[in-house]
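**Student:**
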Amino acid sequence: MGTNTWASYFNFNAVNWADFWANTWETISMTLISTIAVAILGILLGLILFETKQKTTGKITIWAKVINWIVSALVNIFRSIPFIILIVLLLPFTKALVGSIIGPVAALPALIISAAPFYARMVELAFREIDYGVIEAAEAMGANKIQIICKVLLRESLPALISGVTVTGITIIGYTAMAGTIGAGGLGNWAFIEGYGANNNTVTLVATVTIIIIVAIFQLIGDQSAKLIDKRNN
């Protein structure tokens with residue numbers, strides 16, 4: 001059967017389904033672990049950017065301005081580097097951290113470092129959308145900084161934070177596919193090695209459709225979660 005015919009995409013007997021399930025789980029696990037790490041790191045970075053930025057009231061110290069400049073510069077730099085280039089740049093760091101440059105675990109540092117700055121900007125924007133009067137009211141009632149962060153910033157911006165995590169998670173799914181081209185495992189690696197490399201169009205099609213389904217499920221869960229938490233919908 002020719003590899004350039006439509007029929008070559010539907011030869012499902014040519015698919016190793018055990019490999020399919022193993023690689024699907026690798027993609028899901030890489031996405032979930034990376035998304036959780038990115039959510040935590042992104043919220044911390046976004047909080048730093050928000051708290052050290054000049055506000056409409058109050059004064060910002062010179063140290064806060066320096067921290068804001070440094071963090072903002074790092075976020076902008078890592079957000080600007082194309083993912084496939086960042087993977088290569090981080091190979092020595094990845095090797096030192098996890099002891100290998102191939103496999104799902106080796107992909108995690110690049111996935112996290114590439115996506116966290118992207119999400120950090122979303123977090124900062126979500127915090128800035130909160131009415132500053134709500135924060136001032138909490139301060140007037142004697143709330144300390146931790147209480148303001150937990151009970152005002154995070155609570156008021158939670159729907160936006162979840163929506164941001166959803167978008168970022170879907171981006172990470174795409175990154176896992178790209179990482180697969182250099183041996184990171186998952187559906188991207190399976191499609192590249194067993195699909196493109198072995199001229200097996202069915203494997204490529206199955207991997208593509210599976211990634212689309214994973215993205216759709218991720219989007220649905222994120223949208224429904226944000227809708228349930230959004231007070232405006234209650």
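The sequence shown begins at 1 in full-length UniProt numbering and counts up one residue at a time. Heads up, the beta-carbon is just placed ideally off N, CA and C, and yes, glycines get one too. Nothing here was measured: the structure is a model prediction, and the numbers come from that model.
Alpha carbon to alpha carbon, what distance is there between serine 163 and alanine 39?
**Tutor:** 11 angstroms
**Student:** How far does the alpha helix (DSSP H) with isoleucine 189 in it reach, from first residue to last?
**Tutor:** Note that residue 189 is asparagine in the sequence shown, not isoleucine. First-last of the alpha helix (DSSP H) with asparagine 189: 186-190.
**Student:** Whose C-beta lies closer than 7 angstroms to the C-beta of serine 225 among residues of the same chain, with five residues either side of it excluded?
**Tutor:** Closer than 7 angstroms at Cβ, skipping near neighbours: Ile162.
**Student:** Less than 7 angstroms separating the beta-carbons of glycine 188 and alanine 198?
**Tutor:** no
**Student:** Of the choices Val203, Ile212 and Asp223, whose alpha-carbon is the least far from that of threonine 166?
**Tutor:** Asp223
**Student:** Note down, in chain order, each residue of its chain lying with its Cβ closer than 8 angstroms to the Cβ of serine 229, except the 5 sequence neighbours on either side.
**Tutor:** What sits at residue 229 in the sequence shown is isoleucine, not serine. Taken in chain order, the residues that qualify are Leu158, Pro159 and Ile162.
**Student:** So, with DSSP's three-state summary, where would you put isoleucine 199?
**Tutor:** According to the sequence provided, residue 199 is asparagine. The question's isoleucine does not apply to it. Reduced to three states, the DSSP call for asparagine 199 is coil.
**Student:** Could you check what DSSP says for methionine 1 in three-state terms: helix, strand or coil?
**Tutor:** Confidence is the limiting factor: at methionine 1 the pLDDT is only 45, short of 50, which leaves the residue's position unreliable, though a coordinate-based value still follows. Three-state DSSP puts methionine 1 in coil, outside helix and strand.
**Student:** Could you round the C-beta distance between isoleucine 221 and isoleucine 173 to whole angstroms and report it? I think they count as a contact, below 8 angstroms.
**Tutor:** Contact annotation, isoleucine 221 with isoleucine 173: C-beta distance approximately 13 angstroms; criterion of less than 8 angstroms not satisfied.
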